[in-house]
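The structure appears below as structure tokens.
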Amino acid sequence: MIQHFLPHHKFGKTIPNRKLQIGVRDSKTIFTDLLQCLLHRHAKILLQEDDTIMETFKTMTCRKSVRSYKSTLSDANLQKILMAAQAAPIGMGKYDTMHMTVIRNTELLQELDRNAAEFFGDPSRTPLYNAPCLVVISTPIANPAMANVPYSNAAMMAEHMCLLATDLGIGSCNIWGAIAALNTKPELVAKLGLPEGHVPCCAVTLGDTDDTFAEREIPADRIAVSYIN
């Protein structure tokens, strides 16, 4: 067995590095393997401590919508987060229908922000929170009666990005309203250079932040559940 170490997490309290046991693999695949362990819906990362903890669920409980950003985001961390989106489940495996547009151009970000503020009727708002990066997820909406499928695909990609961003200590926020505002301005959509027929569905803001990510207690009953046996 080869021992690799999980990095420090930017949680509310210091969490020491823990050893993660991984079978012998080609070193070039280690990063991909770690992503699969972290993000796969059935994966569990088993930590070497008194109580076995499901690290994936810990990341979920630490995830939050960050609305305060620094002006930085490293290329390396951005690529890791985009890789997380690549690991998302897509209906019928139609990955070729999905597209991500990474916007780091300050002028375009400000234009999208102003447009959203006007859409909400409050020019003083900053709906993109001055984040240094916005990833817009788009896809064709060929059949409005089945629009839940492409929107669900986009949401899966967005949440995968937010989860890995949390694990890296990077701020993220799912963006819906600003995308609704964007879709009212075809001339602004055109500036994104989307593939033909694609419609912006949602987006994720990304950036370094001074926020910390503390674990939260998740009430088991805050979302109603019905059982049909």
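Every letter in the sequence shown is one number past the one before it in full-length UniProt numbering, and letter 135, counting from 1, is 135. Even glycine gets a Cβ: it sits at the ideal position worked out from N, Cα and C.
| Check | Outcome |
| --- | --- |
| Which of the three DSSP states is assigned to Ala203 in this structure? | strand |
| If we call anything under 8 Å between Cβ atoms a contact, is Pro150 one with Cys201? | yes |
| Can you tell me whether Met92 is buried or exposed? The criterion is at least 16 other CB atoms within 10 Å of its CB, across all chains shown. | exposed |
| Exposed or buried, which one is Val204 when buried takes at least 16 other CB atoms within 10 Å? | buried |
| Between the beta-carbon of Ala154 and the beta-carbon of Asn174, is there less than 8 Å? | no |
| Report back the beta-carbon spacing between Val207 and Ile170 to the nearest angstrom; my notes put them in contact at under 8 Å. | This sequence places Gly at residue 207; Val is not what is there. With 8 Å as the limit, Gly207 and Ile170 qualify as a contact, their Cβ atoms being about 7 Å apart. |
| Would you kindly report the start and end of the unbroken beta strand (DSSP E) that includes Leu134? | Cys133 to Pro140 |
| The beta strand (DSSP E) spanning Ser172 covers which residue range? | Gly171 to Ile175 |
| Any idea what DSSP makes of Ile90, helix, strand or coil? | coil |
| Would the beta-carbon of Ala131 fall within 8 Å of that of Gly177? | no |
| Less than 7 Å between C-beta atoms, sequence neighbours within five positions excluded: which residues of the same chain meet that for Ser71? | Pro132 |
| Round the Cβ separation of Glu111 and Leu168 to the nearest angstrom and send it over; I've been treating them as touching at under 8 Å. | Not really, about 28 Å apart at Cβ, beyond 8 Å. |
| How big is the Cα-Cα spacing for Ser226 and Lys191? | 45 Å |
| Find out if the Cβ-Cβ distance for the pair Thr59, Arg216 is shorter than 8 Å. | no |
| Can you give me the start and stop residues for the beta strand (DSSP E) that Val149 sits inside? | Run containing Val149: none in the beta strand (DSSP E); it sits in the alpha helix (DSSP H), Asn148 to Asp167. |
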